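Here's the structure we're looking at; comments come further down.
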Amino acid sequence: MNPNYPGSTQGQMPPTGYGAPNMNPGQMRPPGPGHMSNPGGYGAQPKPGPGQYGMPPTANGPQYPNMGQPGSVPGKPPDMNNFQRPPISMQNNMAPGIPPQPRPPTMMSPPSSASQISNGMSAMNISQPRGPAPNQTYGAPPSSSGQPPMFPPGGPNMQGSSGLPPTNQMGGMPRPPTSQMGGSAPGQFGGMTAPPSSQYSGGPPSQYGGAPPTSQFGGAPPTSKFGGAPPTSQFGGAPPTSQFGGAPSTSQFGGAPPTNQFGGAPPVSQMGGIPTSQHGGAAGRPPTMPGMPPPSSSSFGMPPHSMPGPPSGPPTGANQGPPSGMSITDRYGQGPPSGPPSGPNMPPTGSGSFPPAPGPGGFPPSSQYGGSGPGQFPPQPGQGPPGQMPPQPGQQRYPGGTMPGQTFPPNYPGAQPMAGPGGMQQPSGPKKLDPDQMPSPIQVIEDDKANRSGNFQTGKGAVPPLVTTKFVVQDQGNCNPRFMRSTMYNIPCTSDMLKNCHVPFALSISPFAKLPGEEYNPPIVNLGDVGPVRCKRCKAYMNPNMMFIDGGRRFQCVFCGASTDVPAEYFAHLDHTGRRIDSYDRPELCLGSYEFVATKDYCKNGLLPNAPAFIFMIDVSYNSIKSGLVHLICERLKEDVLVNLPKEVGQDESEIRVGFVTYAKEIHFYNVKSNLAQPQMLVVSDLDDVFVPLLDGFLVKLSESEAVIDSLLSQIPQMFAESRETETVLGPVIQAGLDALKSADRSGKLYIFHTSLPIAEAPGKLKNRDDRKLLGTEKEKTILTPQNTFYTKLGQECVTAGCSVDVFLFPNAYIDIATISEVCRLTGGNLYKYSYFQMDEDRADLDGDRFLEDLKYNVMNQTAFDAILRVRASTGIRAVDFLGNFYMSNTTDVEMAAIDREQAINVEIKHDDKLNEADGAFVQVAVLFTSVGGQRRLRIHNLALNCCTQMADLFRNTELDTLVNYMAKHAVRTGLNSNPKQVREGIMNQVAQILACYRKNCASPSSVGQLILPESMKLLPLYANCIVKSDALQGGSEISTDDRSYLMHKLNAMDVASSQVFFYPSLIPMHDLDSHGDRVPTAVRCSMERLRDNGVYLLENGISMFLWIGHNVEPHWVQQVFSVQSAAQIDIDKCKLLELDNPVSQKLKDMINSIRSERCRYMKLTIVRQRDKLEPWFNHFLVEDKGHSGSASYVDFLCHIHKEIRNLLS
């Protein structure tokens, strides 16, 4: 049977166990991750394509550092009291002290339909005269959507007022009219060719047909990596999108490679080749060391707030920005030269013979910032001072000369130089795309927290806040998003539309998710012998969307439309609106989530179930005794763990039964009946036919047999202290536990504590087949799939009996998780791994604490047992595919022996008919389960969604985190049936298809060179790259085979909140906790460039936790936290902070505990000093940077996706 996996992940681990750099004594520390081949598709030879030589795209004018709010007086600072929060993506990139500039009120809202594209250029005036039009500003955007001004004041053909013949930018003959992308290609909008005059010196405003619903990044053409500023959400109409400005990029995006900036060979393509100008300046320029200052963001000519870097110099006048050529520091802190370099093959740069030297983006400085730099032209007659454009009639005049818009200076890093004759590039300084211009997850998360925390009402089709936002749900007949999230809340009416958008319609369901303290658990409804009221045809359960007819005597099903008689005991009259008068007294008629008490009809064999049982099965082989594991379990199990057995709400004690087994090569059962003075041991040595030697006295209530259990746990370590048995069995142990639960007629859990590969002669024996070299190759699936079907079949038997298996592994070598985890996967159990577990004086608190915390949380984590889940959907759609850790014996029922709060199941839904926009779509998830108190119940979750016929409505109502969760799980499953390259290419292709569909159907026409992203999915490229780079998917030989299998299993059951932080870890500055009060400080982006060497940062992804300490951190801080003088003296092998009585230490520990409490696994703290041996492993989690194995950085991946989108669109 092919494992029913799905997924991909992003946390990475040292070879010694995920996140656990502890080793055997005498063993070397793991090296940093090794090298891996170039991920498919990155460095391919560019193909020629349209628009290679880069005239500007048709969107967005420059932004000026001193521009005020709309309506403000020129030169007067904006009134901060009235300042409004800009739309999400607009704030991504504000330099300190510069207010964001919202769009002016004069702009039109775009139409929300796809038809906006057809009329985009219909009003274009082909024969526009070259002189200034009456309404047109010089060099300013002709309309509110704003072009980057491309020429000095005076338009493309006016060389100042001297009356010289027009020359092109490189000197020489006049430039022929070109289409937007350079070259005389046919016009790109609807076959019309726009002469340059209409494009740059004044087409009428109507030319653009309203503002695009997009936030655009920079108007200038990007180089091979598109720069551009962060997305901005622009006002209603079509869904807002973000665009990364730019005309077609160079060699990366097709087209002949441009010649090298300094007249040499063309640049090499990006990924994996010699770095070209994209990777730190001109070809051949050495990258600088990590200690150098990072680049400053260029969006407003000032350094970004989050990064130290040389400021670009204050503006020197009301209308003037930084001097040309100095406004950008490139990535490594070096500014580009202030004029074109005169190298071989370059024309001389005398001030009289040529137009002004372009600034860093290849644009004349005069149009860049409004200042008139050296060698620039005087203003044209009728123009204001340099940089001041005449206002259009009826329009407010703004300082800086252009309307406030969502645009960025044309010289943003990565802007492409304009083409001269023959496509030759103009010289320009070295460039590097500024990561600050890319959409930032931190910005999106913080904006969502600011705008959407507080109450969330679950109306039909309401898109919930992000999982990272704290909000309180008010159930209005739709279930809490913690229980169920959808990738889209506006469903396409037809299957063709769903297919064309390439966004899967999938749900992530966590039916027993943990709710915060302010929210109530779903209420329990007991209808007595009547049982839950259901539709007679499709068996859907009563819910708020059912319609009562015939005076309340019948109800019409919202799923299948059938009418069902209401049982007499359930009847109630209707009010004047047709609702039952008891609607608000019955949870099932007004809430989205509730539980029904089930009748005997819902139970196996018509008998009500017994309370579940937990059986603890302890490996007592030599390894287990020697490492101190057996001693630790026996010492702490009762005080720390068993006291936390879960109980029903309102009960005084837990009803759960417990039993104990030990094993190595034979199995020992213990009779702990309450009337015995001492426990009795019964040994089963025939492993081929395991049986349970006792029934009465094996499974007992803790409160009744406490004394006997205490006695047993104190004796086990002594009984096996001299054990020399090194071989272990595992299959028969699980069979014995299963048999014990079956005989007692209980569902329950086996807790198995196991240390080594089961090689003893017995059923389930495994051989060592580890071969790390296969990871990342076509053959990796041979070691990532089970080596035989024994554990798969055993898992299926366990599910049928309601026996869940949780395995705690303590390996010192390969243990074949790929095979063993099958039992956990099929039964809905958990898998834990503690590599090189060792309990001694030095490490007593290392893994022991982590193991005990995990075990304690697992036991008390209220769980449903023997569960069956079914998804019902309204007419026209149905559930077709299921992903997660469970077993399916038919096509509709998801079976799990146990399910806890964190486990999630993903369901893909497809059309089998057309939907009606007016009716919407409905989904109901029903889980039949046995509670911890032994009661058979049904938990019901309902979700109502809207339907749409416009792509714009669909893209406006998507939920990215859920989509990423589904894509990752799907990738895990695909990886077990294909090879890593296909998985990577599949994800990249899907991302490109989604974004190309959006661009084609929803975005306003603009240059091919711009990357346009939907506002709701602007982080899709980033998260997709995180999936592709994740150890669960692409882990090469730097992680062990077992770690890879462990991560795949973990990812497969992750809910959306866990996968979000798993793929994009949280990186939190910890050196300045005082200024944040009790709040956790705002995270920074996951990139090396964000780390200051005098800072301390905590990185966590839900599985691992690192404390990174810069080598220049304040000695006072080090003294307060570690009790040593400097960072160099910190003992990094200690994974625990000292108990020190001072506010700094206390606050740091509280913060770490608070973060741990939000995760379902106890994260061990690993301390990493800057430039230390563990730093490469820490860097492995900085997902925006290039990976060790050659995986792409965020910027590179975005470029690659842009290239793919352009290929699809052309």
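Each number in this note's numbering comes from the position in the sequence shown (counting from 1) with 228 added on.
Note that CB positions come from ideal geometry on N, CA and C, so glycine has one too.
Computed from a predicted model, the values in this text were never measured in an experiment.
Whole-number beta carbon distance between residue j and residue i, since they are thought to touch under 8 angstroms
i: R1106; j: I1137; result: 7 angstroms
i: V794; j: R782; result: 6 angstroms
i: A826; j: R1164; result: 4 angstroms
i: T956; j: S849; result: 5 angstroms
i: L1365; j: S1354; result: Not a contact, Cβ separation roughly 17 angstroms.
i: E883; j: A839; result: 4 angstroms
i: G687; j: N718; result: 13 angstroms between Cβ atoms; not a contact.
i: L910; j: N899; result: 7 angstroms
Per DSSP, cross-strand counterpart(s) of residue i
i: Y979; result: F844, D1034
i: P1297; result: Y1325
i: F1157; result: R1165
i: L802; result: R808
i: K929; result: R885
i: T1440; result: Look at the range of the chain in this structure, 229 to 1438, and you will see that residue 1440 is not part of it.
i: R762; result: Y769
i: S821; result: H1169
i: T1394; result: F1334
i: D1109; result: E1136
i: E1123; result: I1096, Y1115
i: R1313; result: Looking at the DSSP assignment, R1313 forms no beta bridge with any residue, so it has no partner.
i: S714; result: L735
i: I719; result: C1175
Straight-line Cα distance separating residue j from residue i
i: D1424; j: L1250; result: 10 angstroms
i: M725; j: R1184; result: 15 angstroms
i: R952; j: D1378; result: 44 angstroms
i: G759; j: N1193; result: 36 angstroms
i: A1029; j: F842; result: 14 angstroms
i: F776; j: T1177; result: 29 angstroms
i: F897; j: V858; result: 16 angstroms
i: T442; j: R1389; result: Because T442 sits at a pLDDT of 42, beneath the cut-off of 50, its placement in the model cannot be relied upon, and the following sentence gives the value as read from the coordinates. The straight-line gap from Cα to Cα measures roughly 41 angstroms.
i: G789; j: L1279; result: 38 angstroms
i: G1338; j: C1363; result: 17 angstroms
i: Y1115; j: K1209; result: 28 angstroms
i: Q1348; j: Y979; result: 41 angstroms
i: F1110; j: L1275; result: 19 angstroms
i: Q784; j: V761; result: 12 angstroms
i: C1175; j: D1147; result: 8 angstroms
i: F1036; j: Y1060; result: 5 angstroms
i: K1197; j: E1367; result: 41 angstroms
Where the alpha helix (DSSP H) through residue i begins and ends
i: P1208; result: 1208-1229
i: N1435; result: 1422-1437
i: Y1251; result: 1248-1257
i: K1197; result: 1188-1203
i: N1280; result: 1269-1280
i: N754; result: Per DSSP, N754 belongs to no alpha helix (DSSP H) and is neither H nor E.
i: P1404; result: 1403-1407
i: K1009; result: 1009-1012
Neighbour-count burial assignment, residue i, 16 or more Cβ in a 10 Å radius
i: F824; result: buried
i: T805; result: exposed
i: V1155; result: buried
i: A734; result: buried
i: A1125; result: buried
i: D813; result: exposed
Endpoints, the beta strand (DSSP E) within which residue i is located
i: Y891; result: 885-891
i: V911; result: 908-912
i: G682; result: 682-685
i: A734; result: 734-737
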